[in-house]
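If you're matching them up, the sequences are chains A and B in order.
Heads up: the first sequence at position 92 corresponds to 92 in this note's numbering, and the numbers run straight through without jumps.
Heads up: the second sequence at position 106 corresponds to 736 in this note's numbering, and the numbers run straight through without jumps.
For every residue, glycine included, the Cβ atom is placed at its ideal position computed from N, Cα and C.
Heads up, the thing below is written out as structure tokens.
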Amino acid sequence: MNPNRLEELRDILLRPDQEKLDELRARIEETEQRAVDIAEVLPESVTTSFARDSRLTQALRSPLRQCVSESVREDPEEYADALFPIMGPAIRRAVAEAFKAWIQQANQALEQNFSPRNLKWRFEAWRAGVPYGEYVLQRTLAYRVEDVYLVHSASGLLIGHVTDNDRVAKDEDAVSAMFTAIQDFVKDSFAREQSGELTTAELGELTLWAVHGPTATIIAVIRGVPPAALRVELERTLELIETQHSQALREYSGDRESMLHLEPDLRSCLLVSLNDPVEREPGPRPSPAVILLALIAVGAVLWFGYGFWMQNRVTSVADAFDATPGVVVTRLERDGRTLFVRGLRDPLAPEPSEIVATAGWSGELDGEFMPFLSLEDELVLERARVALEPPSSVSMQIEAGMLTIQGSATSAWIGELESSVAAVPGLAGMDYSEVSIVDVTTLQQLREVIGPPASVELSLEDSRLAIYGEAPKAWLDALPAANELPGVESIDYSAVALSELRAMETIASEINATTMSTESGQTTIAESESEKIAEVARAVREYAALATLIDLDPRIVITGHSDDSGTEAFNIAIERQRAESVADALLVAGIESQWIATRSQLEAQAPGARAPQVTLRLEALASSEPNGQD
Amino acid sequence: MRTAKVCIIGDFAVGKTSTVARFAKNEFSPKYLTTVGVKIDTKEIETSRGRMKLIIWDVAGTDRLAEIEFAYLRGSAGIIIVADGTRAPTVDSALRLKADVFDQYGKLPIVAMLNKSDLSQLWEIDDDILATSKAEGLDWIRCSAKSGDNVAKAIEALAEAIMSLSADPT
């Protein structure tokens, strides 16, 4: 074939394709056109690539990072402006969150460390020997499932066991079997006719819950107070296990390895729930502000109450001053616990400190009183008493400054009345017309007044009454004071003796001469001497009665003697025993034990013969008991 | 490791508890026996078919088991029956017990321990009794809880029997 014709033929056949080919080449070679083409498919390509794998992300990461860092470097302002709306809220939120967390931590730390409850827990944890953290967990736990056993109901064989504690427990297989045995035991002992199973056992903080299925039982050991929902959870787990593994459970013959796949299900039952510490409080706890306000209120009430009470006291002090004659108060103020009083006071009026004490004031007193003479009747009367020194046989009254004197007095006293009265300010007048004159001049008249016993002699010289001889104490005590006796200014007792004392001396001289002999080596007095005991006892009683009258304590000193044979220690011992034997005999005869004293002659280095005997001495001592008359 | 429940039964005072005490790990106080009527002990044993753990239920009982004691036997893989070689009647009791258990729970692997072999001068069991007993299904092993003679051997034999039964249930 002609080559030209072949060319024509090819031209005819391939022209449309050639044109397309040229057009495509032009598109590829022309950059602009290619950019338009790629822009057309780029979004889909990116989406597809992201969906397929991470290669595009990896490829873009580095150039993008470079772009961003370069543009931040070139124009940081622009970036800051762009980020501003995001950064502001983000920073605020971060700061708020951090602050909240810090407050919570601080609260918790305070609560955990210093609240009374936690101090108590610290103490209890220390006592129980448990770390504090663990103890707090135990106490704040609502409940925690510590162990879950899955037990084959028929045989009591353990199928599975999970635990969340590492305490050394008993052999889990034995526990499982024993629980089954106890369950059988309880059922047989207490509920033979009833269907049902043991579902709950409680021991202190531990609760055992058993959930029963057709072939297996779940036993959960729970610390704390489990909610009813937990039982539902246990039942749900058991149902799941029973449904999925019914065949294996029915044929279970003790091969625990074949049941290991049940563990995740059992583990899901190891639930823990913490108490909300706020809910643990009995009722809402008042806020510190409320407590502070309450304290302020209580304080205010106490303060005002105290002020009111003090003011009351001041009022009663003022009333007391008003009611006291001879005192005029011009100013009365209280500053805290100190009372300031200013005024006038008659020297004969009561002391201000006595007045305020009687009115019930217990605080300090700062008083300043100018002296003055009060013309009130009470004070004038008091002044008259001081000036006139009236005898006791005279009584005085005053009314509106007029003094009335009644009774009897010596003419000497009456004679001085007029001049004495002149020295009493405030006295308007005096009436002594009713005073009778009694001038005692003879001893006989005085005798009739005081009635002396026969053993007494009297003498009266220069208004001085002297008493001689012996007189009973009762008579001397009953003697009127000198100023009560007309014509007597003083009484001289120096020459009078107590008649009781004389009588006692007589008895004592008799007793002191008494000796009671003993056999040598014997500790008791001779049989023949024992009749003296009754006599001595009678004398001692008489002596004691007299001693009591004159406020003395009687004492009978019993001294044991011995001869010179034997050692000193032996002699002291035997002397003591001899004295004791007489003391015992006197006690039996009714002499009071506090009147008796015993001693050994040798030990006490007492005078007297060295012979086997007992001697006695009666004496009187100043009374140990306080006497009302003294 | 395979676990298996076995019960130890026998007449009063034949030495059940001391036999277990000789052999197994004490898990609970003996007072459970008088309170709950059963005490659980465990023992791990090496058998020809691998290691196993026996959960031994020591059932307090006499010549007849009460209902509750019978209930304790439920789910047992084997029985240890104990009699006292110095008291012939305890062998009869054992035979009765075995019959009761088999009636209720089927033919279980069983090992019969004739205890107190250390008291030979008081021994009451002659060959005739042993032969009769063997004919009725109890092949006695003489043992002593006191000296420990044959106790482990007897219980290991039971463990073997239980393992072989579970490996070949026919």
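Only residues of its own chain outside the window of five on either side were considered, and among them Val162 have a CB closer than 7 Å to the CB of Arg267 of chain A, listed in chain order. The alpha helix (DSSP H) runs of length 4 or more contained entirely in the stretch 411 to 487 of chain A are, from start to end of the chain, 411 to 421, 443 to 450, 473 to 478. In chain order, Ser253, Gly254, Asp255 make up the part of chain A whose C-beta sits under 9 Å from the C-beta of Ser796 of chain B. Here the C-alpha atom of Ser115 of chain A lies approximately 36 Å from the C-alpha atom of Thr200 of chain A.
Pro214 of chain A: not part of any alpha helix (DSSP H); DSSP gives it neither H nor E.
Taking C-alpha positions only, Ser530 of chain A is separated from Gly487 of chain A by approximately 59 Å.
In the three-state scheme derived from DSSP, where H, G and I count as helix and E and B as strand, Glu29 of chain A is classed as helix. Within chain A, the residues placing a beta-carbon under 8 Å from that of Met631 of chain B are Arg256, Glu257, ordered along the chain. For Gly715 of chain B, the closest C-alpha among the options B:Gln734, B:Lys746, B:Ala707 is that of B:Lys746.
At a cut-off of 8 Å, the C-beta of Gly667 of chain B has a neighbouring C-beta in chain A. Take Ser455 of chain A, set aside five residues on each side of it, and the residues of its chain with a beta-carbon closer than 7 Å to its own are Gly469, Glu470, Ala471, Ser499, in chain order. Looking only at B:Phe700, B:Ala651, B:Ala634, the smallest Cα-Cα distance to Lys776 of chain B is reached by B:Ala651. In the DSSP assignment, the residues bridged to Ala713 of chain B are B:Leu744. From the beta-carbon of Ile218 of chain A, no residue of chain B is found nearer than 9 Å; the closest lies around 17 Å away.
Against chain A, a Cβ distance below 8 Å from Ala634 of chain B picks out Leu157, Ser253, Gly254.
In terms of Cβ geometry, Ala724 of chain B and Asp641 of chain B form a close pair [threshold 8 Å].
Cβ contact annotation for Phe340 of chain A (same chain, cutoff 6 Å, sequence separation greater than five): Glu333, Asp366, in chain order. Nearest to Ser678 of chain B by C-alpha distance, out of B:Ala701, B:Leu795, B:Leu738, B:Glu790, is B:Glu790. Within the stretch 138 to 155 of chain A, the residues whose Cβ lies closer than 9 Å to some Cβ of chain B are His152, Ser153, Ala154, Ser155, listed in chain order. Interface residue (Cβ-Cβ distance to chain B less than 8 Å): Ala177 of chain A is classified as such.
Pairing Arg55 of chain A with Ser49 of chain A gives a Cβ-Cβ distance under 8 Å. In this structure, Arg610 of chain A sits away from Val557 of chain A, with a CB-CB distance that is not shorter than 8 Å.
As computed with DSSP, Trp687 of chain B is found in a beta bridge with B:Cys637, B:Ile670.
Contact between the stretch 355 to 374 of chain A and the stretch 314 to 321 of chain A is established, with three or more Cβ pairs separated by less than 8 Å. Burial of Leu768 of chain B is indicated by the presence of at least 16 other C-beta atoms within 10 angstroms of its C-beta. Residue contact with chain A for Arg704 of chain B: present (Cβ-Cβ distance below 8 Å to some residue of chain A). The beta-carbon separation of Pro325 of chain A and Arg345 of chain A, rounded to 11 Å, does not stay under the 8 Å limit for a contact.
Counting only Cβ-Cβ distances below 7 Å, Thr672 of chain B has contacts in chain A at Asp171, Asp173, Ala174, in chain order. The residues Arg681, Met682, Lys683, Leu684, Ile785, Glu786, Ala789, in chain order, have a CB closer than 8 Å to that of Ile675 of chain B in the same chain once the five nearest residues on each side in sequence are set aside. Just so you know, the alpha carbons of Lys120 of chain A and Leu270 of chain A end up roughly 29 Å apart. Think of a sphere of 7 Å around the beta carbon of Lys683 of chain B: the chain A residues whose beta carbon falls inside it are Asp173, in chain order. In this structure Ala51 of chain A is not in contact with His152 of chain A, their Cβ atoms being roughly 53 Å apart against a cut-off of 8 Å. In terms of beta-carbon proximity, Lys655 of chain B lines the interface with chain A, with at least one pair separated by less than 8 Å.
For Val650 of chain B, the enclosing alpha helix (DSSP H) has its first and last residue at 646 to 653.
Bounds of any beta strand (DSSP E) do not take in Leu234 of chain A; it lies within the alpha helix (DSSP H) bounded by 228 to 244.
The alpha-carbon separation between Thr410 of chain A and Ala497 of chain A amounts to approximately 31 Å.
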